[in-house]
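Number of protein chains: 4
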Amino acid sequence: MDTSSRTPRRTPTRLRLYAAAGTLIAEQGFSSTTVEEIAARAGVAKGTVYYNFTDKTELFEELLRYGVEQLAAELRQAAEGATVAGAGRVAALERMLRAGLLFADRSPAVVQLYVAEQWRTNRPWQATLHDVRRELLAVFEAVLRDGLAEGEVDQEVDVPLAAANLLGTLLVTALDWRAFQPERPLRDVHSALVRLLRGSVGGHAR
Amino acid sequence: MDTSSRTPRRTPTRLRLYAAAGTLIAEQGFSSTTVEEIAARAGVAKGTVYYNFTDKTELFEELLRYGVEQLAAELRQAAEGATVAGAGRVAALERMLRAGLLFADRSPAVVQLYVAEQWRTNRPWQATLHDVRRELLAVFEAVLRDGLAEGEVDQEVDVPLAAANLLGTLLVTALDWRAFQPERPLRDVHSALVRLLRGSVGGHAR
Amino acid sequence: MDTSSRTPRRTPTRLRLYAAAGTLIAEQGFSSTTVEEIAARAGVAKGTVYYNFTDKTELFEELLRYGVEQLAAELRQAAEGATVAGAGRVAALERMLRAGLLFADRSPAVVQLYVAEQWRTNRPWQATLHDVRRELLAVFEAVLRDGLAEGEVDQEVDVPLAAANLLGTLLVTALDWRAFQPERPLRDVHSALVRLLRGSVGGHAR
Amino acid sequence: MDTSSRTPRRTPTRLRLYAAAGTLIAEQGFSSTTVEEIAARAGVAKGTVYYNFTDKTELFEELLRYGVEQLAAELRQAAEGATVAGAGRVAALERMLRAGLLFADRSPAVVQLYVAEQWRTNRPWQATLHDVRRELLAVFEAVLRDGLAEGEVDQEVDVPLAAANLLGTLLVTALDWRAFQPERPLRDVHSALVRLLRGSVGGHAR
DNA sequence: TATGAATGAGGGTTCATTCAT
DNA sequence: GATGAATGAACCCTCATTCAT
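Residue numbers (the UniProt record's numbering), protein chains in the order written: chain A, 1 to 206; chain B, 1 to 206; chain C, 1 to 206; chain D, 1 to 206.
Shown next as structure tokens:
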């Protein structure tokens, strides 16, 4: 009903601002990116940014939320795809890692932003970050927990710790891939990740 | 080498400025931290910063170099310690991971700065970052290469990729530990890392 | 006279805008009051303001004219009432003071605006202010002149000066009353004013 | 001791900013006067304003305080001068009125600012205004109270009301004089004020 | 008649940097 | 070696105004 009233998501203007801001901030950092630049790249006037968002920070927070929610959705999808295909939980995790790499390849800015800000404190968007972190971790934790219940994952595995490790490693690896070895095929990077995964969860493939 | 002209490298004043800048920038980011704040926290006047460094960026770069060189030294020491003790290469890697965690616990700011900036582009200190990255990776690569040569590490392991993975995972895990689960004993976190390590390198402990 | 072209002078919408603008500008000043605020308080959209007035300044000028003309009319009425009742000129002035106080109580915004702007220079609505000032002074001057002619007012009284004094004192006293001693009955404030009046004009009540 | 630490009053820079800001704001109003203009007129850079004051509002408040305190001091002096000369309380009030006119002639900006803001609400400097108002009123009230005690002032006079009336009338009259009849000698305006005064307080000159 | 998304010039504020002491 | 008053370029944000609907 009043879906459009508060946050008219999908407004072309807002989406274009997300895209522009994402790229620029990922490259230069939040403070070094000016609102003017963002507006210019989005093809709108500076004032338009402020017509659509309270301020620069809010734009950033909504962008973060928007981007990470997409990532979470794709991870969830990958996990579900595995379930549907009758594959095991470890296989599901492998698919999630691949989905993560694909996402990072397509939307590096989001991953970049997330990693760069994740462990800072005293930042205005702390709360937002915490929210999206929880959402991402939840996806991994769910699969790990299922794997544990079904005996596919080692009993000693510490679910929260392993989830955080997998997520962190996935993101950092993806960034490293893009930044320093972009010529490598996804396959190689995925293999390396899967190796780590096997070590981490014990991986008694079914 | 290109030792700063005017003053000796590490006066007490400079060290206090490193400490102040490190903490503040790790928390708030480079741009959001003002020279005034840094000076205040170091207990000197603003002008003093400019007496000791060319500009804010140079302060940051020297701080980065200073901090990461320390980390590299400790990693190297850990590896050497293993050699001296007659332990294998995988054991050396395990000690390095422990050393990394200890360092992060003691100097979180350095790790924070490094991770936050590592995958950005278009930043003024790109060159410095690249240098220190190389230095850190070199430590891991050396040990991995030895392990490979000695047959202790799986033949299929891709040394550069594995080194980057290990370093990235180590740092990210350390940050996550400090930020979100600081009550955990180092032992737990180290175990989880070792698990990943075994997966990664195959780990046929001698 | 120079009736605005497009629309009839006093539509309900315009009157609501006057009321909204009057209150807000009296409280916050012209520049600190936004067109958006005015529109919101009047319950219309921002564009509507521009449909009804050329710009923000014109709205303010018309509001000023509208309000002060009302005050002038009430002062005139009070004077005439005295004449009809066969009272003297000093009594007429006393009635005018009462009428002024009543008006200020009812429409404080108008008085507020007038006083705050009256002695500024370099303001866009200078001309308008001068007009309405003349209109107000004329009412006092007429009565004073009659009183002088009829010997009821001291011969040494300087009519323009006395008129300006009476008007200024009336308005300032009214504002002070509302702002700082609103609990006082009108009667008290009126008495104090009448005292000043007697001093000013000599007041040989008939 | 640390007089100079917090508020280094008398710093030429600050005084020049007071003078510049006073004139400009009196003419154009607070919002219509830019910090740039103020700095330019004071012969300093824009940043200097912010080095000396927190923000534009604080500059204005300190200016207000500074200016009105001067006025209060001169009023007090005038009253004391009368006491020393052995004149009565009504004579003291007359001297105060003259002192007020002289001050307004010399520093019209201060009076202007005070009157324009005095009866607004919802302004950031409300508290400051209230303070200085109290200070000014106190001077009048003291003399009136003495006059009452000594029988020189009518028993029915309401001291707070009369003080507010006298102050308001003085200031408004001074502004009117400067704005609309600057050719008039001070003597004329003073006479008119004294008339009002006599009416107000009864004035049984000794 | 009325609306509200979009604009862009303008202004307050910040802060790295300089320099005279 | 160190200081801190002063600077001014750069930037965030506001808001009067426009215009297509």
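Backbone N, C-alpha and C fix where the C-beta goes; we use that ideal spot for every residue, glycine too. None of these values were measured; they are calculated from a predicted model.
Item                                                                                                                : Value
Reduced DSSP secondary structure (H/G/I, E/B, other) of C/GLN77                                                     : helix
Contact list for the stretch 16 to 33 of chain C against chain D, Cβ threshold 8 Å                                  : ALA26, GLU27, GLN28, GLY29, PHE30, SER31 and SER32
Neighbour flag for A/ARG198 against chain B, beta carbons, 8 Å                                                      : yes
Whole-angstrom distance between B/ALA21 and B/PHE60, CA atom to CA atom                                             : 8 Å
Residues near A/ALA174 in its chain [Cβ-Cβ closer than 7 Å; skip 5 each side]                                       : GLY100, LEU101, ALA104 and VAL111
Partners in chain D for C/GLN112, counting only beta-carbon separations shorter than 8 Å                            : TRP119 and ARG120
Assumed close pair D/GLY202, D/VAL157 - CB separation to whole angstroms, cut-off 8 Å                               : 7 Å
Straight-line Cα distance separating B/GLN118 from D/GLN118                                                         : 57 Å
Contact the stretch 89 to 97 of chain D vs the stretch 135 to 152 of chain D: 3+ CB pairs below 8 Å                 : yes
Chain-ordered chain D contacts of C/ASP158 [CB-CB under 8 Å]                                                        : ASP188 and ALA192
Closer than 9 Å at the beta carbon, the chain C residues around D/ASN52                                             : Here the premise fails: no neighbours, minimum Cβ distance about 24 Å.
Continuous alpha helix (DSSP H) stretch holding C/ASP176: start and end                                             : 159 to 180
Closest residue to A/GLY67 among A/LEU144, A/ARG120, A/HIS190 and A/SER107 (Cα-Cα distance)                         : A/SER107
Complete runs of the alpha helix (DSSP H) confined to the stretch 38 to 88 of chain A [at least 4 residues]         : 46 to 52 and 56 to 84
Element boundaries [alpha helix (DSSP H), containing D/PHE140]                                                      : 126 to 149
Proximity winner among B/ASP131, B/GLY151, B/ASN165 and B/LEU113, relative to B/GLY88 (alpha-carbon distances)      : B/GLY151
Helix, strand or coil at A/ARG123 [DSSP, three-state]                                                               : coil
Buried or exposed by the 16-neighbour rule on C-beta atoms within 10 Å, applied to C/GLU62                          : buried
Neighbour-count burial assignment, B/ALA85, 16 or more Cβ in a 10 Å radius                                          : exposed
Buried or exposed by the 16-neighbour rule on C-beta atoms within 10 Å, applied to B/ALA149                         : exposed
Exposure label - B/ASP176; buried when at least 16 CB within 10 Å                                                   : buried
Rounded separation between D/VAL49 and D/THR33 - CA only                                                            : 14 Å
Interface flag, D/ASP176 vs chain C, CB-CB below 8 Å                                                                : yes
CB contact check: D/ALA179 to chain C, cutoff 8 Å                                                                   : yes
Pairwise C-alpha distance: A/LEU186 and B/VAL132                                                                    : 26 Å
Selection of the stretch 81 to 94 of chain D by Cβ proximity to chain C, strictly under 9 Å                         : none
Burial state of C/ASN122 (16 or more Cβ within 10 Å)                                                                : exposed
Proximity below 8 Å, CB of A/SER200 to CB of A/ASN165                                                               : yes
Rounded straight-line distance, which links the Cα of B/PRO160 to that of B/ALA26                                   : 28 Å
Closer than 8 Å to chain D by CB, C/ALA138                                                                          : no
Residue-chain proximity (B/THR128, chain A), Cβ-Cβ < 8 Å                                                            : no
Chain-ordered chain A contacts of B/LEU161 [CB-CB under 8 Å]                                                        : GLN181, ARG184, ASP188, VAL189 and ALA192
Buried versus exposed call for A/GLY147 [16 or more other C-beta atoms within 10 Å across all chains shown]         : buried
Rounded separation between A/SER31 and B/SER31 - CA only                                                            : 6 Å
Close-in-space but distant-in-sequence residues of the same chain around A/VAL44 (CB under 8 Å, 5 per side omitted) : THR13, ARG16 and LEU17
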